[in-house]
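Remember, my numbering sits 1 above the position in the first sequence when you count from 1. Where a beta carbon is used, it is the ideal one built from N, C-alpha and C, also for glycine. Small disclaimer: the values here were computed from a predicted structure and weren't measured.
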Amino acid sequence: MNESDTSRHFLRQWIEKDVAAGMVGGGVVVTRFPPEPNGYLHIGHAKAVCVDFGMAQLFGGECHLRLDDTNPTKESDEYAENIKRDINWLGFQWSGRPGESGEPGFYNASDMFDKMYAIAEELISRGQAYCCNLTQEEWKAYRGVPERPGTPSPSRDTDPDRNMQIFHEMRAGKYADGEWCLRAKIDMASPNIHFRDPVLYRIRHVPHYHLKDRWCVYPMYDFAHPIEDALEGVTHSMCTLEFEVHRPLYDWVIARMAEQGELVTRNGALVRPQQREFARLNLTYTVMSKRLLLQMVNEKVVAGWDDPRMPTVCGMRRRGYTPGAIREFCERIGVSKVESESDPALLEWCVREELNRTATRRMAVLDPVKVVIDNWDAAESRLVELPNNPTDAAAGVRQVPFGREIWIDRADFMEVPEKKFFRMAPGQEVRLRGACIFKCTRCVKDASGAVAEIHGTWDEASWGGNAADGRKVKGTIHWVDCATGVKAEVRLYDRLFTEKDPLKDGSDGFLKYLNPDSLRTVTAYVEPALAEAKALEHFQFERTGYFVADEHDSKPGAPVFNRTCTLKDSYKPA
RNA sequence: UGCCUCGUGGUGUAAUGGUAGCACCGCAGAUUCUGAUUCUGCUUGUUGGGGUUCGAGUCCCUGCGAGGCAACCA
Numbered sequence: 002m003n004e005s006d007t008s009r010h011f012l013r014q015w016i017e018k019d020v021a022a023g024m025v026g027g028g029v030v031v032t033r034f035p036p037e038p039n040g041y042l043h044i045g046h047a048k049a050v051c052v053d054f055g056m057a058q059l060f061g062g063e064c065h066l067r068l069d070d071t072n073p074t075k076e077s078d079e080y081a082e083n084i085k086r087d088i089n090w091l092g093f094q095w096s097g098r099p100g101e102s103g104e105p106g107f108y109n110a111s112d113m114f115d116k117m118y119a120i121a122e123e124l125i126s127r128g129q130a131y132c133c134n135l136t137q138e139e140w141k142a143y144r145g146v147p148e149r150p151g152t153p154s155p156s157r158d159t160d161p162d163r164n165m166q167i168f169h170e171m172r173a174g175k176y177a178d179g180e181w182c183l184r185a186k187i188d189m190a191s192p193n194i195h196f197r198d199p200v201l202y203r204i205r206h207v208p209h210y211h212l213k214d215r216w217c218v219y220p221m222y223d224f225a226h227p228i229e230d231a232l233e234g235v236t237h238s239m240c241t242l243e244f245e246v247h248r249p250l251y252d253w254v255i256a257r258m259a260e261q262g263e264l265v266t267r268n269g270a271l272v273r274p275q276q277r278e279f280a281r282l283n284l285t286y287t288v289m290s291k292r293l294l295l296q297m298v299n300e301k302v303v304a305g306w307d308d309p310r311m312p313t314v315c316g317m318r319r320r321g322y323t324p325g326a327i328r329e330f331c332e333r334i335g336v337s338k339v340e341s342e343s344d345p346a347l348l349e350w351c352v353r354e355e356l357n358r359t360a361t362r363r364m365a366v367l368d369p370v371k372v373v374i375d376n377w378d379a380a381e382s383r384l385v386e387l388p389n390n391p392t393d394a395a396a397g398v399r400q401v402p403f404g405r406e407i408w409i410d411r412a413d414f415m416e417v418p419e420k421k422f423f424r425m426a427p428g429q430e431v432r433l434r435g436a437c438i439f440k441c442t443r444c445v446k447d448a449s450g451a452v453a454e455i456h457g458t459w460d461e462a463s464w465g466g467n468a469a470d471g472r473k474v475k476g477t478i479h480w481v482d483c484a485t486g487v488k489a490e491v492r493l494y495d496r497l498f499t500e501k502d503p504l505k506d507g508s509d510g511f512l513k514y515l516n517p518d519s520l521r522t523v524t525a526y527v528e529p530a531l532a533e534a535k536a537l538e539h540f541q542f543e544r545t546g547y548f549v550a551d552e553h554d555s556k557p558g559a560p561v562f563n564r565t566c567t568l569k570d571s572y573k574p575a
C-alpha cells in the first residue's frame, strides 16, 4: 500500500490542510487511540486503530495509546493487557514521549488525575464550576428536555470558597457515591444538552485497577478526554460520530485550559487539540457492542472472547484471519460520516487474497470415504511430489505418501452423477491430485444404503497425473493415504447469526438469531505433514478452504484446525 | 416535534461546479492437475420537487428518509 493508493478521505484532507497551513502546533501530527480497558478490541476498534495509527504514519507523526480508564467500575488489567497485545498483533506500535509508566507513547488517563483535579479547582476558583447535591433523578428533571430550557441547580451560585471546600471534602471521602458532584457552569438553556452544566466529577468509592484506592472521585469523559489530549500534545483527535454533539464541550474545556495556561508546547508552539468524528464500522450478521459480546461470553453462547466466531481481534486471530487482511479491509471500507453496514464478504475476500499468496497447501479429507485401487499392489507405497504453494515457487515442494487405499471426501463421489459433475462416479475418470488417473468401477454400500467403499483402477501410464495419450480429465480431487494419514479435529465455523441485523428487534432478543450451525466439529484425515502444525500456522486445504492450527488446542501429533473460510466455489449442483 | 449529522448501483466508497468511476457481491465466458487462483465481459446508482448556472451528485430553497444527543458510561 503506497500513499497514492490510500483514500483521500475527509480526515486525511482535514489534517493535510492543517499541515499545509502550518497550523499543527510544533509541526508534528499527533493522534491517539483511546480505548477504555473494559472489554476486548473488536473489528470496529480495528478500524479506529487503522485510522488513528494510519494517519499518524501517513504524516510522519506519532500515535499514542491511551487507556481511558476514568471509570473504575468496569475496567481491569486483563483488558488493558489484551488491548496492547491486539494492537501490536494488528501491526501497530504506539510512539511518542514516555508516559508516566516510562513506555514511549503509552499513557493511562488515570496518571493525569492530579492535573485534572487541579484544573477543576481552578475552574471552581474562577466561578466556572460548582458542587451540586441534586440527586440523579432531580438532576435529570432540572436538565430538562432538548426542546425546552432546563432549570438551574439551587447550588449554581454557591460561592467559590464553599465549592472548593465541598470539592476537597468529596476527594477526602466525606460523602457517599452520588451525594455530591462537580458541575461546569455553562448554560442551562443551551439546545445542546451537554452544555447544561455537565457533570465533571463524580464520587465512586471503588478501587481503580491501576491506582488502587488513591481516589474516590473520578472525572467524567467529557472533562477528562480533552484534558488528556491536551496534556499529551495530541493535535488531531479522531473519534466516532456519537461524540459529534460533544465537540462544543470538548472545545470549551480546551478553551478553559488555554485560559489557565495549561496547554502544552511542542518545539516552542502551543498545541491546541481538535476533534473530528467519523462513522464507526458496522458489519452485517454480527453484533459489535462490547456489552453484547460480554453477554455472549458470560452466557457461554461462545467459548470466550477469542472464540473464532467472535468479531473480536483475538477471535479473528484464532479464526485464522491475518493482520494484513484486516488492515486491507479497513483501508477498503474507507472513512466517511455515513453510517453504513459493511459486508463480511469483503473481509473474507481480503483474507483469501492474502492467504492465497501465503498459505501452505495441504490435503485434508473432512468427510472421509474409502477408495480402494484394485489394481494397485497392496504392498506398494509411492511418494507424490506436490508444490507447497503454486503461486509461490520459493515455497518449494513436499512428498506425500500414496497407496492402495485412500480417503476422499464423500462429496467428491456420486453413484449417479448429475450433469457436469466432474468428480468420481462409476465409469468416469478423475485425477487424484498429483498421483494418477483413476477410473471408478463400483461402490459398496452399508446396511443403511450409504456408500461404504469405492473401488476402481488406476491408469498406470498416468503416474504424475497426466494421461500418456494426452486425453483430458476434467476433474481433479484431493485425497489422503489411509496407511499414513493422520486424524485431526477440524472445527468448521460459519457466521454466528442467521440474521443480517441481529438487533432488528432491539438488543434483548438478538440471541434468538444465533446460527445453530455456526460450529460443526469433524474428525478428518490429513496428510502426515500436518501432524506437526504449529499454533496459528495457516494452511490451504486444497479444494476445501483456509484453515489455521488452533492457538490453544492444537498439539504436535494431535493437530486441531479451525476453518478460517472456505474457498470460493462456482460448482452449482444441478 | 429542540439541536446536530448524513443521503451516489445489492454493499462500501470516489468524483472538491465540467464524461458518474473503483472495489466487493452477483452473473456469463476463457485458462487451469485446486469447479481455487488468474484473465475477459455483463447487470445495477446520484432521495423527490423547485432554483442558480453555458453546465449541478456537488451550490441555494423545500419536502422525504436515516442516524445521533436528554448515564454522576465511554
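With residue i as the anchor, note down where its beta strand (DSSP E) starts and where it stops.
i             : result
serine 238    : 237–241
aspartate 410 : 406–410
proline 220   : 218–220
valine 31     : 31–34
tyrosine 108  : 107–109
glutamate 454 : 452–459
valine 561    : 561–567
glutamate 1   : No information on residue 1 is available, as it lies outside the stretch 2 to 575 that the chain covers here.
cysteine 132  : 130–133
Are the CB atoms of residue i and residue j nearer to each other than 8 Å?
i            : j              : result
valine 366   : tryptophan 480 : yes
alanine 259  : methionine 117 : no
tyrosine 202 : alanine 121    : yes
proline 199  : serine 238     : no
tyrosine 108 : glutamate 17   : no
cysteine 331 : cysteine 51    : yes
histidine 65 : tryptophan 90  : no
valine 254   : proline 220    : no
Which one of the options has the shortest CA to CA distance from residue i?
i             : options                           : result
lysine 421    : Arg267, Gln166, Gly476 and Gly55  : Gly476
tyrosine 494  : Glu170, Val445, Phe548 and Lys505 : Phe548
cysteine 315  : Gln261, Val254 and His553         : His553
leucine 460   : Ser449, Gln429, Glu79 and Pro208  : Note that residue 460 corresponds to aspartate in the displayed sequence, not to leucine. Closest by alpha carbon: Gln429.
valine 370    : Met425, Val265 and Arg127         : Met425
leucine 135   : Ser111, Leu183 and Gly92          : Leu183
lysine 213    : Phe114, Asp188, Pro161 and Tyr286 : Phe114
leucine 348   : Ile327, Gly335, Ala360 and Leu356 : Ile327
lysine 556    : Gln261, Glu533 and Arg333         : Glu533
glutamate 263 : Ala231, Arg492 and Gln296         : Ala231
glutamate 528 : Glu170, Arg434 and Asp188         : Arg434
glutamine 166 : Arg521, Ile187, Asp188 and Ala130 : Ala130
Opposite residue i in the DSSP bridges: which residues?
i                 : result
arginine 432      : Ile438 and Thr477
serine 343        : Leu284
alanine 525       : Ala489
glutamine 541     : Arg362 and Tyr547
aspartate 482     : Ile407
lysine 446        : Val452
phenylalanine 414 : Met425
Just curious, the alpha helix (DSSP H) that residue i is in, first and last residue?
i              : result
asparagine 390 : From DSSP, asparagine 390 is part of no alpha helix (DSSP H); its letter is neither H nor E.
valine 401     : Per DSSP, valine 401 belongs to no alpha helix (DSSP H); it is in the beta strand (DSSP E), 398–403.
valine 372     : No alpha helix (DSSP H) holds valine 372; the beta strand (DSSP E) holding it covers 369–374.
valine 50      : 44–59
tyrosine 251   : 248–261
valine 298     : 291–299
leucine 201    : First-last for leucine 201: 200–204, but that is the beta strand (DSSP E), not the alpha helix (DSSP H).
arginine 98    : No alpha helix (DSSP H) contains arginine 98, which DSSP labels as neither H nor E.
Does DSSP put residue i in a helix, in a strand, or in coil?
i                 : result
arginine 310      : coil
phenylalanine 548 : strand
leucine 520       : strand
alanine 190       : coil
histidine 209     : strand
phenylalanine 168 : helix
phenylalanine 11  : helix
glutamine 276     : strand
aspartate 502     : coil
alanine 365       : strand
serine 5          : Confidence in serine 5 is poor, its pLDDT being 42 and thus under 50, which makes the residue's placement unreliable; the coordinate value appears in the next sentence. Serine 5 falls in the helix class under three-state DSSP.
tyrosine 322      : coil
arginine 333      : helix
leucine 497       : coil
lysine 573        : coil
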